[in-house]
Amino acid sequence: MGQQSSSVSAPLLSPWPQKGRRRVRSKGTLCWVLVLLGVGIVGFMQMRTFEARLQAALHRHRDNAGSGSSSDGQGEVAASLDKALHTQSQMCAAKLEAQGVLPDSNGLRLTAEQRQRRLRERHPRRLWQKSAVQLAREAAEDEAASVAHDALSALQARRQLYAGMEQALRDKGLALATSDTQGMALGDMFKIEGGKLRPVVTVLKVAVRAVVMPLLDQAAALQLQAAVKSHLEPVMPPNGIWMQHNRLYHSTIFHASTHMDPVFANPQEVNLEEYQIQDVGHKTCPLHLVLERIVATPSGTVLACWQIAQGTDVTDIRKWLREALPRASTKQVVNDRSILHTTLARLVALPNAGQATAGQQQQQEGAGTAGAGSAAAAAVTLQAAVDRMTAELCGLSIVIDKLWFVEEYEKLALALRGSFRQREIALECETVY
């Protein structure tokens, strides 16, 4: 029995099979360790690359505000404005990007379509190896990636434009007396009557015909209005500010006729224009807008500046309207195709300027008693106010699902609460063949 046990157990005691199994296991474990180590290294490198790009983006945002130098004792003014620009407008943009509300302006976050496209560029397959379904899918992905690229380009263009508007206030200060809106000075737009600021109504021979995006979300409109009252009114003298009516907040998109370049149209032709605008509305998808910043211009106009998070970009809408309305005024009020802004208020006097209205400021400047320093100091006060508004309203979102085709029978009727007629155009997001 002992010999049989010995003979049976002898092969089991042989070291060769066990040694072979241990060798196989050790090789497999080593492979997995190397794979995991490689994945960890790649992930670490990508994280460091992302951090480096994020830091570069923040530095670039700071640089875009401009360093600039000022003379005549305005160095502190410039420094104050620089600090404001660096702490709110760019912080809001970075916040919206970090939250994924807006695409990364530097392309750090790619859409699924863009990732697939880059993978195909790195690992191309022969055309004859692809099925019809694959070709159709890739064509759709390519188109989506192209649309995403165009939207990112428009976002960057808007951001640069808004930054330039902020920079203009920093460089020029407030110049209310020398500014104009569509060829109208402040004295042509407002007057003091009965102790109150009132608009000047000017009847037009040819009605202005405009396509605008109305802000019909009254909850959002009331937030904007409340911010104006909370942050701007306290720093203004009596009758120093004209606030837009919250029910008439809008973004101007295109003009079929302006008062500077009027294009007459009889009722039948106006109806035809409406029909052509409806064609544009059929293929336009509702726009999901996000407020990126509040901007004040040297002319004293306070603007809500929007970015498009989803929907048809305004650059496409303007292009389609130009094609649909070939008789439209050559001189458009809005010259930049990518801009999307809403006027909230207009300053008629300098902040903290006592009784100095725009007309009095002009007289003072003619007499040499109101220098650049006062305008620059007023710009600091104004920038601080809109800076607080940006901090409060950053990320405010609205959905635009309608256009208005407006006939203004008086100059700046929407802005000055004059008489007008609007026709609603639904945005239906339908394919037009």
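In numbering that gives the first Met the number 0, the protein residues as written are 0 to 432. We put the beta carbon where it would ideally sit given N, CA and C, even for glycine.
Neighbour-count burial assignment, residue i, 16 or more Cβ in a 10 Å radius
i, result
"leucine 185", "buried"
"glutamate 165", "buried"
"histidine 244", "exposed"
"tryptophan 241", "buried"
"glutamine 181", "exposed"
"threonine 283", "buried"
"phenylalanine 267", "Checking the sequence, you will find glutamine at residue 267 rather than phenylalanine. Label assigned to glutamine 267: exposed."
"tryptophan 31", "exposed"
"histidine 249", "buried"
"proline 440", "Nothing can be reported for residue 440: it is not among the residues displayed for the chain, which extend from 0 to 432."
"alanine 226", "buried"
"serine 418", "exposed"
Residue i, DSSP secondary structure in three states
i, result
"glutamine 331", "coil"
"histidine 258", "coil"
"methionine 235", "coil"
"valine 34", "helix"
"valine 313", "helix"
"leucine 271", "helix"
"proline 198", "strand"
"serine 178", "coil"
Straight-line Cα distance separating residue j from residue i
i, j, result
"alanine 9", "isoleucine 40", "For alanine 9, the predicted model reports a pLDDT of 46, less than 50, meaning its position is unreliable and no value from the coordinates is stated."
"serine 337", "methionine 235", "32 Å"
"tyrosine 161", "glycine 37", "44 Å"
"serine 328", "phenylalanine 404", "15 Å"
"glycine 65", "aspartate 315", "Because the pLDDT at glycine 65 is just 43, under 50, the model does not fix this residue reliably, and the point stays unresolved."
"leucine 415", "valine 200", "8 Å"
"leucine 381", "alanine 255", "34 Å"
"leucine 175", "threonine 430", "47 Å"
"glutamine 217", "leucine 247", "10 Å"
"arginine 61", "glutamine 159", "Unreliable placement is indicated for arginine 61, whose pLDDT of 49 sits below 50; no coordinate value is reported for it."
"glutamate 409", "threonine 251", "16 Å"
"isoleucine 307", "phenylalanine 263", "34 Å"
"valine 100", "arginine 157", "16 Å"
"glutamate 291", "leucine 402", "22 Å"
"valine 294", "leucine 35", "50 Å"
"serine 178", "threonine 300", "10 Å"
"threonine 342", "serine 229", "17 Å"
"alanine 384", "proline 261", "37 Å"
For residue i, the first and last residue of its enclosing alpha helix (DSSP H)
i, result
"lysine 410", "Segment: none, lysine 410 is in no alpha helix (DSSP H) and carries neither H nor E."
"valine 262", "Taken as a continuous stretch (DSSP letters only), valine 262 belongs to no alpha helix (DSSP H), as it is neither H nor E."
"glutamine 222", "217-230"
"glutamate 192", "It is not in any alpha helix (DSSP H) - glutamate 192 instead sits in the beta strand (DSSP E) that spans 189-192."
For residue i, the nearest candidate out of the options (CA to CA)
i, options, result
"alanine 167", "Val379, Lys410, Ala156, Val210", "Val379"
"proline 198", "Gly37, Cys91, Ala425, Val347", "Val347"
"aspartate 312", "Thr342, Ala150, Pro102, Gly99", "Ala150"
"glycine 194", "Asn238, Pro233, Asp170", "Asn238"
"valine 332", "Thr257, Leu95, Glu268, Asp103", "Thr257"
"arginine 326", "Phe253, Thr342, Met188", "Phe253"
"alanine 93", "Cys428, Gly394, Ser373", "Gly394"
"lysine 171", "Thr296, Ala97, Ala412, Leu413", "Thr296"
Element boundaries [beta strand (DSSP E), containing residue i]
i, result
"leucine 286", "286-295"
"alanine 425", "419-425"
"lysine 393", "A small fix is needed here, since residue 393 is cysteine in this sequence, not lysine. No beta strand (DSSP E) contains cysteine 393, which DSSP labels as neither H nor E."
"isoleucine 338", "First-last for isoleucine 338: undefined, no H or E at that position."
"valine 202", "202-213"
"methionine 242", "240-242"
"alanine 303", "300-309"
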